[in-house]
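Numbering that gives the first Met the number 0 puts the first residue of the sequence shown at 0, with every later residue one more than the last. Below is one structure, written out as structure tokens; the observations come after it.
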Amino acid sequence: MAKSALLKSSLAKKYWMAFTGLFLCLFLVGHLFGNLQLLIPVSEGARDQFNEYALFMTTNPAVKVLSYLTYFSIIFHAIDGIALTINNRKARPQGYVSFKPSTNTMWSSRNMGILGTVILAFIVVHMTMFWGEMKFGGLDETIYTTANGEEVKDLYTLTIKTFQDAEFGLLWAIAYGVAMLAIAFHLSHGFSSGFQSLGINHPKYNVFIKKIGMAFAILIPLAFAVIPFYIHFVLEKI
Numbered sequence: 000m001a002k003s004a005l006l007k008s009s010l011a012k013k014y015w016m017a018f019t020g021l022f023l024c025l026f027l028v029g030h031l032f033g034n035l036q037l038l039i040p041v042s043e044g045a046r047d048q049f050n051e052y053a054l055f056m057t058t059n060p061a062v063k064v065l066s067y068l069t070y071f072s073i074i075f076h077a078i079d080g081i082a083l084t085i086n087n088r089k090a091r092p093q094g095y096v097s098f099k100p101s102t103n104t105m106w107s108s109r110n111m112g113i114l115g116t117v118i119l120a121f122i123v124v125h126m127t128m129f130w131g132e133m134k135f136g137g138l139d140e141t142i143y144t145t146a147n148g149e150e151v152k153d154l155y156t157l158t159i160k161t162f163q164d165a166e167f168g169l170l171w172a173i174a175y176g177v178a179m180l181a182i183a184f185h186l187s188h189g190f191s192s193g194f195q196s197l198g199i200n201h202p203k204y205n206v207f208i209k210k211i212g213m214a215f216a217i218l219i220p221l222a223f224a225v226i227p228f229y230i231h232f233v234l235e236k237i
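The following block contains the structure:
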């Protein structure tokens, strides 16, 4: 009975890990489309456009519900990932010379815990710098009126100046790029693994899912990583 309960608990963790992980993949896509507005020059109305987008994302009731669901998914995904990593290490056969996981598993699959920790640290720093400032910081000093007559906090200027800063802008861009690399490795295993955990593991679909997952793991983090470097090196200064 105890073994049966443990098995069910382990399966439940994998299901929740898959659901929250795939939901966060959708969040990444939506967040990317929002951030791509940062590539628009300020002279073409980027400041108003991005700040109105930020205002909508923080005030719309439906978006607020999705935001709380996203926060829950991140926290639960992290906790569940730690629990699964501990369980996997306990179940790993120790002391056998013939046990060589590097011969039959991807590096990313063996280090999902480390990658997840790096990503979690990035999320905390990222939210403190931008979301935290938007919600609780001193952006009140930069409130301005948009072309639509709305008073908003100037998150656009904060973001652009962070990556255009002469002293630390490039370092922030590099740190952002490293975090995106960790996300890419995490997704390279996690995307297809999520579908497998949900039982979508038919040979007919496996190859397609793995190809889509690999493309997703490369293109989405790469697009995110390009943004801070574009802001630092290409975008007009503000």
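We put the CB at the ideal spot given by N, CA and C, even for glycine. Quick caveat, the model's predicted, so the values are computed rather than measured.
| Using the C-alpha atoms, what's the distance from G176 back to I74? | Each residue's Cα considered, the two are about 23 Å apart.
| Using the rule of at least 16 other Cβ atoms within 10 Å of the residue's Cβ for burial, across every protein chain shown, is G168 buried or exposed? | Residue environment analysis places G168 among the buried positions, since at least 16 neighbouring C-beta atoms fall within 10 angstroms of its C-beta.
| task | Within its chain, find whatever has a CB closer than 8 Å to the CB of K134; leave out the 5 residues flanking it on each side and keep chain order. | result | Contacts found: T57.
| Beta carbon of G193, beta carbon of A77: below 8 Å? | For the 8 Å CB-CB criterion, G193 and A77 do not form a contact.
| field | Burial state of M105, where buried means 16 or more other Cβ atoms lie within 10 Å | value | By the neighbour-count criterion, in which 16 or more other beta carbons inside 10 Å mark a residue as buried, M105 falls on the exposed side.
| How do the region 157-173 and the region 199-213 stand: do at least 3 beta-carbon pairs fall below 8 Å, yes or no? | In short, these stretches do not touch, since the Cβ pair count stays below three.
| field | Rounded C-alpha distance that separates F232 from A181 | value | Going from the Cα of F232 to the Cα of A181 covers about 23 Å.
| message | Runs of 4 residues minimum, wholly inside the region 54-88: which ones carry the alpha helix (DSSP H) assignment? | response | Fully contained in the region 54-88 is no alpha helix (DSSP H) run of length 4 or more.
| task | Would you please state the rounded distance, in angstroms, between the beta carbons of T185 and L114? I believe it to be under 8 Å. | result | The sequence shown places His at residue 185, not Thr. The C-beta distance from H185 to L114 rounds to 4 Å, short enough to fall under 8 Å.
| If you drop the 5 nearest sequence neighbours on each side, which residues of the same chain put their C-beta closer than 6 Å to that of T69? | Cβ-Cβ distances below 6 Å link T69 to F26 in the same chain, with the five nearest sequence neighbours on each side left out; the list follows chain order.
| request: May I ask you to list the residues that DSSP assigns as paired with Y143? | output: For Y143, the pairing in a beta bridge is given by DSSP as V151.
| message | Taking the alpha carbon of T145 as the reference point, which residue from I39, C24, F223, R46 has its own alpha carbon closest? | response | That would be R46, whose Cα lies nearest to the Cα of T145.
| field | Counted within 10 angstroms of its Cβ, other Cβ atoms place L10 as buried (16 or more) or exposed | value | Under the 10 Å beta carbon count, L10 is surrounded by fewer than 16 other beta carbons and is classified as exposed.
| message | Quick check on DSSP: helix, strand or coil for A165? | response | Under the three-state reduction of DSSP, A165 is assigned to coil, being neither helix nor strand.
| Where N86 and S196 are concerned, what is the direct C-alpha to C-alpha distance, given to the nearest angstrom? | Roughly 16 Å separates the two Cα atoms.
| Should P40 go down as buried or exposed, given a rule of 16 or more other Cβ atoms within 10 Å for buried? | Result: exposed.
| Assuming I219 and L37 make a contact with CB atoms under 8 Å, what is their CB distance in whole Å? | The C-beta distance from I219 to L37 rounds to 16 Å, too long to fall under 8 Å, and the pair is not in contact.
| When we look at the beta-carbon of F223 and count the other beta-carbons within 10 Å, is it buried (16 or more) or exposed? | So F223 counts as buried.
| task | Could you have a look at G44 and say whether DSSP puts it in helix, strand or coil? | result | Coil, per DSSP.
| said: Just verifying my parser: in three-state terms, what is the DSSP assignment at H201? | reply: Reduced to three states, the DSSP call for H201 is coil.
| Inter-residue Cα distance where the pair is K210 and W171 | The C-alpha of K210 lies about 31 Å from the C-alpha of W171.
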